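Residue 14 is where the sequence shown starts when you use my numbering, and the numbers rise one by one after that. Note that beta-carbon positions come from the ideal geometry of N, C-alpha and C, so glycine has one too. Given the structure is predicted, the values throughout are model-derived calculations rather than measurements. To start, the structure itself, in structure tokens.
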Amino acid sequence: MNDQELDSREAALAMVAREAGELARHLFLDRDRLAVTMKGAQDYLTAADTAVEKFVVDRLASLCPGDAVLGEEGGRHGSGEAIWVIDPIDGTENFAHGIGHFCVSIAFVTGREVRLGALAAPMYGELYLARRGRGATLNGRPMRVSATAEMARSVIELGWSARRPAAAYTKLVERVLATGATFRRVGSGALGLAYVADGRTEAYCELHINSWDALAGILLIEEAGGWVNDFLAGDGLMQGNEIIAATPRIRDALVAATSIGKGTMGDARTN
Ligand code: IPD
14 MNDQELDSRE AALAMVAREA GELARHLFLD RDRLAVTMKG AQDYLTAADT
64 AVEKFVVDRL ASLCPGDAVL GEEGGRHGSG EAIWVIDPID GTENFAHGIG
114 HFCVSIAFVT GREVRLGALA APMYGELYLA RRGRGATLNG RPMRVSATAE
164 MARSVIELGW SARRPAAAYT KLVERVLATG ATFRRVGSGA LGLAYVADGR
214 TEAYCELHIN SWDALAGILL IEEAGGWVND FLAGDGLMQG NEIIAATPRI
264 RDALVAATSI GKGTMGDART N
């Protein structure tokens, strides 16, 4: 894909992410009227997830016809190696409980490379954007990961889902606390990754996360000078993967403590 083709997709992405964030904000403020169902244990689906995904898919189809899409709710459509990966509401559990910590996450991938990423966190008025090789911004301001080198000063978000055993999660918490770091779990993996990119926290780890939750945030971190394991290793796009994302200064200590990323260090990189 040449620069011009990527330029037009970058412009489309910024516009669609902003619009989708606005739609999510309106739906959140009017959430008493929205149906909420369960996809599984502690796995929520609101009518907003479906509505925002349809909006994003339709907008991208008209702005970038021919590109494939993979949505959390609607699955994969289209073929070819250029694909948009969409989480309409990341942090659905928060959304369903009236907590505004959620975002729309959209990534553009060619082959095994995330080229563009956007997160809109409408209740905070935040739009995060990244393009591979050209940096990451929050509302137009360049982002940089934290310079903290000590675990005892580090804040690490540990994502959780029922897709992995509870005992594996509590063990992870223990291992991280044993390093002297503290941990948090705020319920949006995408925003958790964006916070690493913006230097608000030092790392994000999860035993399994889906590509729609993670890909935009991964690019934000890499473009902000952070490090992420090779998430797309194996069939990460369709099956998800483990994730460990950190500032370069605490990466080795964190990998040693958690063992996450040992099998997917591969060709991981930072910029
Ligand atoms: C979930 C959130 C959560 C993460 C889970 C995801 P959803 O996505 O990002 O923080 O720990 O792995 O499934 O259901 O809110 O889109």
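By DSSP, does residue i sit in helix, in strand, or in coil?
i	result
L76	helix
A237	coil
E23	helix
N107	helix
M9	The requested residue 9 is not part of the displayed model; the chain covers only 14 to 284.
A281	With a pLDDT of 47 at A281, under the threshold of 50, the modelled position of that residue is not reliable, and the figure given next carries that caveat. Coil, per DSSP.
M14	coil
L58	strand
T88	This sequence places Gly at residue 88; Thr is not what is there. DSSP places G88 in strand when its eight states are reduced to three.
M156	coil
T63	helix
E255	strand
A95	strand
D43	coil
A120	strand
Please report the Cβ distance between residue i and residue j, rounded to the nearest whole angstrom; I am assuming they are in contact, meaning their Cβ atoms lie under 8 Å.
i	j	result
R264	W240	5 Å
D211	L151	6 Å
A149	E236	4 Å
T195	V168	6 Å
G104	S201	3 Å
G253	I222	6 Å
V127	P101	Their Cβ separation, rounded to whole angstroms, is 18 Å, which puts V127 and P101 out of contact at 8 Å.
I257	G276	Not a contact, Cβ separation roughly 11 Å.
R166	T271	Not really, about 18 Å apart at Cβ, beyond 8 Å.
L206	I231	6 Å
Mind checking which residues open and close the alpha helix (DSSP H) that includes residue i?
i	result
I112	From DSSP, I112 is part of no alpha helix (DSSP H); its letter is neither H nor E.
P178	No alpha helix (DSSP H) holds P178; DSSP gives it neither H nor E.
A265	Here the sequence assigns Asp to residue 265, which means Ala is not the residue at that position. Where D265 is concerned, the enclosing alpha helix (DSSP H) stretches over 261-271.
G274	That residue, G274, is in no alpha helix (DSSP H); it is neither H nor E in DSSP.
A207	202-210
Which residues bound the beta strand (DSSP E) around residue i?
i	result
V82	81-84
V168	168-171
A246	From DSSP, A246 is part of no beta strand (DSSP E); its letter is neither H nor E.
A149	149-151
L140	139-144
E219	216-222
A131	126-134
M51	49-53
R197	195-197
Taking 8 Å as the CB-CB limit, is residue i close to chain D?
i	result
V168	Structure shown: chain D not included; a single protein chain is present.
Fill in: contact_flag[the segment 42-60, the segment 170-189] where n(CB pairs < 8 Å) is 3 or more
Contact holds between the segment 42-60 and the segment 170-189, because three or more Cβ pairs, one in each stretch, are under 8 Å apart.
Worksheet item: So does the segment 36-49 actually touch the segment 135-143, counting three or more Cβ pairs closer than 8 Å?
Response: As far as the Cβ criterion goes, the segment 36-49 touches the segment 135-143, which means the pair count is three or higher.
Fill in: Cβ pair count under 8 Å reaching 3, the segment 73-90 against the segment 16-32
Because the criterion of three Cβ pairs below 8 Å is met, the segment 73-90 and the segment 16-32 touch.
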